[in-house]
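Structure, as structure tokens:
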Amino acid sequence: MKSMSITPILILLAVLFIFDLYTYRSIKIIGSDLPGAYTKRILSIVHWAIFAGVAIWYLFMYFNMPFMGSYKYYKFYYFLFGITLLFYLPKLVLSFFQIIDDGWMLTQWIAKKFSSEPSESAGGMSRARFLYHTGIVVASIPFIGAAYGMIKGRWDFRIVRKTMKFDNLPASFDGYKIVQISDAHVGSFFSNYKPVEKALELINNLNADLVLFTGDLVNNFAKEAEEWIPYFKEIKAKDGKFSILGNHDYGDYSSWPSEEAKQENFNRLTEIHGEMGFDLLRNENRTVKRSGEEIAVLGVENWGVKPFPQLGDISKAKNGVENTPFKVLMSHDPSHWDYETIKNHKDVDLTLSGHTHGAQFGVELGNIKWSPVKYKYPRWAGEYSVGKQKLYVNRGIGYIGFPGRVGMPPEITVIELKRA
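Position 156, counted from 1, in the sequence shown is what my numbering calls 231; the numbers after and before it change by one each time, with no gaps.
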């Protein structure tokens with residue numbers, strides 16, 4: 076872990092304390108309305124105990140950073156982040172209702188100052204109670220959502236099936252089945268073998284012709300993936316498994332004792348791809364042949380809008396397959412498609428990306444499709460097309476930071492290629 080000042084921690088705890096202080100009024104009012112002689116006291120104790128627990132945990136982890144720098148301890152950081160969201164997102168919602176009540180009282184106070192008529196006090200407390208009770212109900216929604224995302228949502232693997240038509244697809248590949256997975260971040264799984272085995276079983280049951288992994292195998296360290304080699308090695312595909320690197324695979328999010336140590340970590344990660352049975356493509360290509368016809372699979376290094384590195388080189392990846400009639404490109408960051416692919420490489424028919432995770436939070440109901448990540452990545456999940464070129468952005472099978480998924484389940488994509 077990189078060393079850091081304690082100031083950001085203290086600022087965060089101060090903000091959380093202000094939230095708790097502000098929402099404490101709601102807790103007292105709600106507690107006084109509930110049955111039981113000690114209900115109000117119990118709610119008050121729980122309210123402040125949550126803050127005390129979070130504060131102690133943050134400070135403990137800060138002062139023990141030198142001893143918790145290993146990837147094995149990252150689960151504590153992620154879990155703490157999850158607990159913070161679990162309890163303080165609802166308090167943010169609750170504070171909104173208190174602001175409404177405070178705004179109303181301020182308006183009444185100002186009106187009283189400029190009015191000679193006596194103000195009516197009846198009903199004021201009733202209004203406050205209505206707002207606070209409503210606030211508690213509404214605030215329970217993000218609490219339940221975050222709790223579900225941490226307990227169940229992160230393991231609720233979904234299969235998304237897509238059929239894509241191309242008029243230049245070789246006839247021998249009509250009905251060809253590509254399974255895409257992305258953003259495993261295996262260091263976040265923390266030896267939860269059973270749910271991951273479930274995902275890998277789902278992949279194998281799809282009987283894929285080709286399995287493509289579009290980057291971010293780990294969070295930072297090659298060691299994260301060691302224990303997962305025998306599991307990912309079991310993924311089967313008729314024509315092979317290909318992979319690329321994502322932004323997290325280069326070790327750029329951790330401090331290293333030397334450049335040599337960072338390079339050693341990177342080299343080991345590339346070896347692990349091979350030990351898992353993946354053919355790692357780094358600005359390279361491979362051809363897949365059927366009945367005398369072929370398609371090209373291209374894979375590039377990570378390319379992202381700055382400050383992300385721009386290592387991907389599509390021209391280099393196309394070397395030797397320029398005349399291959401159909402090309403599938405793996406590029407981790409979907410921004411690459413807009414900035415490079417559709418502008419300068421119109422012979423790339425299908426691009427597969429990941430990276431966004433769909434923010435691990437969103438709403439997808441019918442035609443409604445929203446996630447906060449859309450404001451950074453306009454093409455953040457699902458299928459997109461410009462002219463005859465298509466892009467598919469996988470929502471990822473893993474998670475990072477918040478140890479959960481809310482409304483954005485982990486995804487296994489099945490793409491059936493059809494000749495138009």
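We treat Cβ as the ideally placed atom computed from N, Cα and C, and that holds for glycine.
query                                                                                                                        : result
Per DSSP, cross-strand counterpart(s) of Gly374                                                                              : Glu359 and Met405
Residues of its chain near Ala297, where Cβ-Cβ distance is below 7 Å and the 5 sequence neighbours each way are ignored      : Asn340, Arg343, Leu344 and Ile347
C-alpha gap between Lys147 and His430, whole angstroms                                                                       : 23 Å
Test item: CB-CB of His432 and Tyr474 under 8 Å                                                                              : yes
Host beta strand (DSSP E) of Glu458 (start-end)                                                                              : Gly457 to Val461
Beta-carbon contacts of Leu386 that lie in its chain and below 7 Å, excluding the five residues immediately before and after : Glu376, Asn377 and Trp378
Alpha-carbon to alpha-carbon, Ala130 and Arg100                                                                              : 21 Å
Any beta strand (DSSP E) of 3 or more consecutive residues that is wholly inside the region 290 to 334                       : 316 to 318
Proximity below 8 Å, CB of Ile484 to CB of Arg233                                                                            : Position check: residue 484 holds Pro in this sequence, whereas Ile was assumed. Yes, Cβ-Cβ distance for Pro484 and Arg233 is below 8 Å.
Cβ separation of Leu275 and Ile253, assumed to be a contact under 8 Å, to the nearest whole Å                                : The Cβ separation is near 17 Å, so there is no contact.
Inter-residue spacing [alpha-carbon to alpha-carbon] between Lys308 and Ser333                                               : 31 Å
Cα-Cα separation, Ile104 to Tyr207                                                                                           : 8 Å
8 Å Cβ cutoff met for Leu355 and Lys402                                                                                      : no
Boundaries of the alpha helix (DSSP H) in which Glu415 is found, first to last residue                                       : That residue, Glu415, is in no alpha helix (DSSP H); it is neither H nor E in DSSP.
Local conformation of Thr431 per DSSP, three classes                                                                         : coil
DSSP state of Phe288 mapped onto helix, strand, coil                                                                         : strand
Trp445 - partner residues in DSSP beta bridges                                                                               : Val438
Assigned exposure category for Ile443 - 16 Cβ within 10 Å defines buried                                                     : exposed
Short Cβ contact (8 Å threshold) for Leu427 with Tyr459                                                                      : no
Closest residue to Trp412 among Phe156, Val121, Gly462 and Ser266 (Cα-Cα distance)                                           : Gly462
Beta-carbon proximity check, Phe218 vs Pro305, cutoff 8 Å                                                                    : no
Straight-line gap, Thr238 to Leu134 (C-alpha atoms, nearest Å)                                                               : 51 Å
CB-CB length for Glu486 against Asn469, believed under 8 Å                                                                   : 6 Å
Whether Phe171 touches Ile125 by CB criterion (8 Å)                                                                          : no
Status (buried if at least 16 other CB within 10 Å, exposed otherwise) for Asp242                                            : exposed
Residue environment, Ile256, which counts as buried when at least 16 other CB atoms sit within 10 Å                          : buried
Alpha carbon of Val90 to alpha carbon of Asn279, nearest angstrom                                                            : 47 Å
Of the residues Gly367, Val271 and Gly262, the one placed nearest Gly326, counting alpha carbons only                        : Gly262
Reduced DSSP category for Val261 - H, G, I as helix; E, B as strand; rest coil                                               : helix
When Gly441, Tyr450, Arg494 and Pro409 are compared against Gly471, the one with the closest alpha-carbon                    : Pro409
Status (buried if at least 16 other CB within 10 Å, exposed otherwise) for Arg202                                            : exposed
Contacting residues, own chain, Cβ-Cβ under 7 Å from Tyr452 (five flanking each side not counted)                            : Pro409, Ser410 and Thr431
Gly178 classed as buried or exposed, judged by whether at least 16 other C-beta atoms fall within 10 angstroms               : exposed
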